[in-house]
Amino acid sequence: MATADTLREFLDRHVQTGMMPGAAASLGTDFEPVAVGSMALDGPPMRTDAIFRIESMTKIITSVAALRLVEDGQLGLDDPVDRWMPELAGRRVLTHPDAELDDTVATQRPITLRHLMTNQSGYGSMTSDSPLARAMQANGTASGFGPSELAAQDWLDALSDLPLAFQPGDGWRYHHSFGILGILLGRVTGGTTSDCLAQTLFEPLEIADTGFFIPSEQADRLPAAYRHEGRDYAEVQPAAGGFYTGPPPFDLSHGELVSTAADFYTFLRALLDGELIGTEHLELLRTDQVPSSAKQRDSFFYPGFWDSNGWGFGVSVVAAGPYTGRFGWSGGLSTDFFVDPDGTIGILMTQVELDELMMSVSAGFQQL
Numbered sequence: 001m002a003t004a005d006t007l008r009e010f011l012d013r014h015v016q017t018g019m020m021p022g023a024a025a026s027l028g029t030d031f032e033p034v035a036v037g038s039m040a041l042d043g044p045p046m047r048t049d050a051i052f053r054i055e056s057m058t059k060i061i062t063s064v065a066a067l068r069l070v071e072d073g074q075l076g077l078d079d080p081v082d083r084w085m086p087e088l089a090g091r092r093v094l095t096h097p098d099a100e101l102d103d104t105v106a107t108q109r110p111i112t113l114r115h116l117m118t119n120q121s122g123y124g125s126m127t128s129d130s131p132l133a134r135a136m137q138a139n140g141t142a143s144g145f146g147p148s149e150l151a152a153q154d155w156l157d158a159l160s161d162l163p164l165a166f167q168p169g170d171g172w173r174y175h176h177s178f179g180i181l182g183i184l185l186g187r188v189t190g191g192t193t194s195d196c197l198a199q200t201l202f203e204p205l206e207i208a209d210t211g212f213f214i215p216s217e218q219a220d221r222l223p224a225a226y227r228h229e230g231r232d233y234a235e236v237q238p239a240a241g242g243f244y245t246g247p248p249p250f251d252l253s254h255g256e257l258v259s260t261a262a263d264f265y266t267f268l269r270a271l272l273d274g275e276l277i278g279t280e281h282l283e284l285l286r287t288d289q290v291p292s293s294a295k296q297r298d299s300f301f302y303p304g305f306w307d308s309n310g311w312g313f314g315v316s317v318v319a320a321g322p323y324t325g326r327f328g329w330s331g332g333l334s335t336d337f338f339v340d341p342d343g344t345i346g347i348l349m350t351q352v353e354l355d356e357l358m359m360s361v362s363a364g365f366q367q368l
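The numbering of the sequence shown is the UniProt record's numbering, which starts it at 1 and goes up by one.
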């Protein structure tokens, strides 16, 4: 296992070569935070308590919240979600993911909670220039970097106007199932999704800096976000400002969270220690739940993903090779985490849009 000095040297090297302006990270069985670089180009030094836009690392948090509701008897893994979400009842399904939008058949089964946590609802990011992909782009439901431009109900209404790409449980497409899951949490508990997450996870764990926005008085803890443009950076979200500072302009139940390395470590450690869900559900979360028939090469943007990986509940799981048994996932702004069978937790927080360069940084981090 890498030492804190090794981790710092690794991060420093990537800051110096222009991969990222700064990062905060921890690696080990205990939380030992390291911060390198700066909060923004020519900005103040990176803070170990910086608050990051974690994007798709939200998926494991909403999955665990849902599993806590399952263990409380409020819903079941195989319950149809249209009980709480009538917008999803009576779906039509394309005869093929690339078919014309009117080339559909009826659903053979309803969408369930299990389908949502395993990206098998029938909704998700399309990997080809299909009629469905173009329709999602046109109505604002296509996935991309940054926050949604639609409020949760508007997003769900627009999504439910479109057919499913495949029968629920028969295929795999990334991302949109978890937007639906976020809305479901609020519907099941009869309040807001924010309240559900606070009551089921954040308050019991005394997690204070994870949520859908950063209070204005804490805005100085938010780094800028960038994308690579050649050898330069282009700012995509400002430091200490922008969408995530102050209460959001609309309901973000389908959205993604901000968090700190410390909060995320606290969450993962409690998960491993059995404080959040029982052993049975933890094993389901961290083992492959996707049938081989659904693992088509065109189901994800990375055709080789299924060669050594599977998908549990809200996380990828390593199914082959030297890191077999590891689970984790990344966010679109190059945040990343993994958990090994021996209890090692790796957390990397930076804010540069995920591209081939940043994927190489994450790969290097996971091999330390």
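A virtual CB, placed ideally from N, CA and C, is assigned to each residue, including glycine.
Could you please give the first and the last residue of the uninterrupted beta strand (DSSP E) stretch that includes residue i?
{"i": "L205", "result": "Counting along the chain, L205 falls outside any beta strand (DSSP E), and DSSP gives it neither H nor E."}
{"i": "R92", "result": "92 to 94"}
{"i": "H228", "result": "225 to 229"}
{"i": "D232", "result": "232 to 237"}
{"i": "V361", "result": "Here V361 belongs to no beta strand (DSSP E); instead the alpha helix (DSSP H) covers 356 to 366."}
{"i": "V339", "result": "336 to 339"}
{"i": "W311", "result": "309 to 311"}
{"i": "T349", "result": "Note that residue 349 is Met in the sequence shown, not Thr. Start and end: 345 to 349."}
{"i": "S316", "result": "316 to 318"}
My assumption, with CB atoms under 8 Å, is that residue i sits in contact with residue j. Please give the rounded CB distance.
{"i": "V93", "j": "L116", "result": "Contact doesn't hold; Cβ gap of about 16 Å is too wide."}
{"i": "L285", "j": "F313", "result": "4 Å"}
{"i": "P97", "j": "S125", "result": "With a Cβ gap of about 11 Å, P97 and S125 do not count as contacting."}
{"i": "L69", "j": "V188", "result": "6 Å"}
{"i": "E55", "j": "G332", "result": "4 Å"}
{"i": "Y244", "j": "P21", "result": "That pair is no contact at about 18 Å."}
{"i": "P168", "j": "R109", "result": "6 Å"}
{"i": "D335", "j": "M46", "result": "The displayed chain sequence assigns Thr, not Asp, to residue 335. Actually they are not in contact, since the Cβ atoms of T335 and M46 sit about 13 Å apart, beyond 8 Å."}
{"i": "L197", "j": "A89", "result": "About 26 Å separates the two Cβ atoms, so there is no contact after all."}
{"i": "G171", "j": "S299", "result": "6 Å"}
{"i": "A25", "j": "V34", "result": "5 Å"}
{"i": "P238", "j": "A50", "result": "At roughly 14 Å, the Cβ-Cβ gap does not stay under 8 Å, so P238 and A50 are not in contact."}
{"i": "F212", "j": "P249", "result": "Not a contact, Cβ separation roughly 11 Å."}
{"i": "L184", "j": "M85", "result": "6 Å"}
{"i": "W155", "j": "H254", "result": "5 Å"}
Residue i lies in the alpha helix (DSSP H); which residues open and close that run?
{"i": "E100", "result": "Counting along the chain, E100 falls outside any alpha helix (DSSP H), and DSSP gives it neither H nor E."}
{"i": "F327", "result": "Element bounds for F327: not the alpha helix (DSSP H) but the beta strand (DSSP E), 327 to 330."}
{"i": "S160", "result": "152 to 160"}
{"i": "N139", "result": "131 to 139"}
{"i": "T279", "result": "279 to 285"}
{"i": "L268", "result": "261 to 272"}
{"i": "L113", "result": "113 to 117"}
Comparing alpha-carbon positions, which option in the options lies nearest residue i?
{"i": "L282", "options": "S308, F243, R326, N309", "result": "R326"}
{"i": "P322", "options": "G343, G331, Q367", "result": "Q367"}
{"i": "L27", "options": "I347, L354, S362, G364", "result": "I347"}
{"i": "D102", "options": "T6, R91, A319, W172", "result": "R91"}
{"i": "D232", "options": "T6, A4, R13, M19", "result": "M19"}
{"i": "Q137", "options": "A151, A158, Q153, A152", "result": "A158"}
{"i": "G144", "options": "L132, E353, A198, A135", "result": "E353"}
{"i": "I214", "options": "D355, R53, D298", "result": "R53"}
{"i": "T192", "options": "G146, L252, P238, R173", "result": "L252"}
{"i": "A40", "options": "S128, A234, P303", "result": "A234"}
{"i": "E32", "options": "T324, T48, F338", "result": "T48"}
{"i": "P341", "options": "M349, T350, Q351, G328", "result": "G328"}
{"i": "P163", "options": "E87, S330, D5", "result": "E87"}
{"i": "S293", "options": "T279, G310, T287", "result": "G310"}
{"i": "G274", "options": "G230, E217, G343, V236", "result": "G343"}
Any heavy atom of the ligand COA inside 8 Å of the beta-carbon of residue i?
{"i": "V258", "result": "As for the ligand COA, it is missing from this structure, which has no ligand bound."}
**Prompt:** How do the stretch 116 to 129 and the stretch 178 to 187 stand: do at least 3 beta-carbon pairs fall below 8 Å, yes or no?
**Reply:** Contact holds: three or more Cβ-Cβ distances are below 8 Å.
**Prompt:** Along the chain, which unbroken stretches of the beta strand (DSSP E) at least 3 residues long are found entirely within the stretch 9 to 48?
**Reply:** Taking 3 residues as the minimum length, the beta strand (DSSP E) runs contained wholly in the stretch 9 to 48 are 22 to 28, 34 to 37, in order along the chain.
**Message:** Does the contact criterion of 3 or more C-beta pairs under 8 Å hold for the stretch 253 to 267 versus the stretch 201 to 210?
**Reply:** The stretch 253 to 267, when compared against the stretch 201 to 210, does touch it at the 8 Å Cβ threshold.
**Any beta strand (DSSP E) of 3 or more consecutive residues that is wholly inside the stretch 169 to 198** = For the beta strand (DSSP E) assignment, the stretch 169 to 198 encloses no uninterrupted run of at least 3 residues.
**Start-end ranges of the alpha helix (DSSP H) lying completely within the stretch 59 to 96, minimum 4 residues** = Listed in chain order, there is nothing to give.
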